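Note sheet for the following structure.
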């Protein structure tokens, strides 16, 4: 057996439940209500007293806490931010960027480290938006449940759009991807991620069919697709990639057409 197997077994029951719950099927209003409630303890410091009440979550939540992120070795925010930054032809400080399903701002922190300064965000949870607001990293934040409603911004508003960690079974439907394109400027970049674990493979196939269809229509062109083996730690034997104790994932970066010609000189 591999050396990582014992580590996998140390994942707490709470983390396993919360990650599994993300892909469950309870009604959206109930999920968002619990998401809001969990946001209140999202920044709980390990070892500090917790407020009274159960911490286990029997129904889906749509994010995990910083402690969960650390325990899971969740790498999507930094991988996505690095991929997007590498695609930019010039320093990104003046670029307007929309962080969709922004949660508490994990992706914004990574983008900020890479020079992005004009960040806007949307999320379906008011509780998570409050946490995102408290980071001071976003210039504007709006409530929006992508897939149920359009993004609350005009067409062609952004130089870049990110959707990290929310393209998956029971989360944002793949049919919502054209809405991301709508708010992107011609020549702008879109950075998306999804997981490659067994329970998400059907969704991933639907997503990639949608991405390819938009490419064939001439709506955008592929910049990079990065397959990542150790995306995050697996929560069960069944989800693990070849017994490694991790699941794999993918970062996609596309550029909206028409793509501007390269600048001379």
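Residue numbers (full-length UniProt numbering): 1 to 265.
Here a beta-carbon is modelled for each residue, glycine too, at the ideal position from N, C-alpha and C.
Model, not experiment: these values are computed from the prediction.
Status (buried if at least 16 other CB within 10 Å, exposed otherwise) for residue 171: So residue 171 counts as buried.
Contact belief for residue 114 with residue 80 at Cβ below 8 Å, rounded distance in angstroms: Not quite, the Cβ-Cβ distance comes to about 10 Å (not below 8 Å), so this is no contact.
Beta-bridge partners of residue 163, as assigned by DSSP: The partner list for residue 163 (beta bridge, DSSP) reads 100 and 192.
Residue from 90, 200 and 188 whose Cα sits closest to the Cα of residue 250: 200
Cβ pair count under 8 Å reaching 3, the stretch 103 to 118 against the stretch 171 to 185: no
Buried versus exposed call for residue 284 [16 or more other C-beta atoms within 10 Å across all chains shown]: The displayed coordinates of the chain run from 1 to 265. Any statement about residue 284 would go beyond what the structure contains.
C-alpha gap between residue 176 and residue 235, whole angstroms: 27 Å
Euclidean distance between Cα positions of residue 252 and residue 135: Between the alpha carbons of residue 252 and residue 135 lies a gap of roughly 26 Å.
Status (buried if at least 16 other CB within 10 Å, exposed otherwise) for residue 77: Here residue 77 is buried, its C-beta having at least 16 other C-beta atoms within 10 Å.
Which of helix, strand or coil DSSP assigns to residue 249: It is a strand residue.
Outcome for residue 90 when other beta-carbon atoms lying within 10 angstroms are tallied against a minimum of 16: exposed
Own chain partners of residue 179 with C-beta closer than 7 Å, once the 5 adjacent residues on each side are dropped: 146, 150 and 151
Buried versus exposed call for residue 156 [16 or more other C-beta atoms within 10 Å across all chains shown]: By the 10 Å Cβ count, residue 156 comes out exposed.
Rounded C-alpha distance that separates residue 124 from residue 244: C-alpha separation (whole angstroms): 33 Å.
Exposure of residue 259, with buried meaning 16 or more beta-carbon neighbours within 10 Å: So residue 259 counts as exposed.
Residue 185, DSSP secondary structure in three states: The DSSP-derived three-state label of residue 185 is strand.
Three-state secondary structure assigned by DSSP to residue 212: For residue 212, the secondary structure class from DSSP, reduced to helix, strand or coil, is helix.
Residues near residue 154 in its chain [Cβ-Cβ closer than 8 Å; skip 5 each side]: Closer than 8 Å at Cβ, skipping near neighbours: 183.
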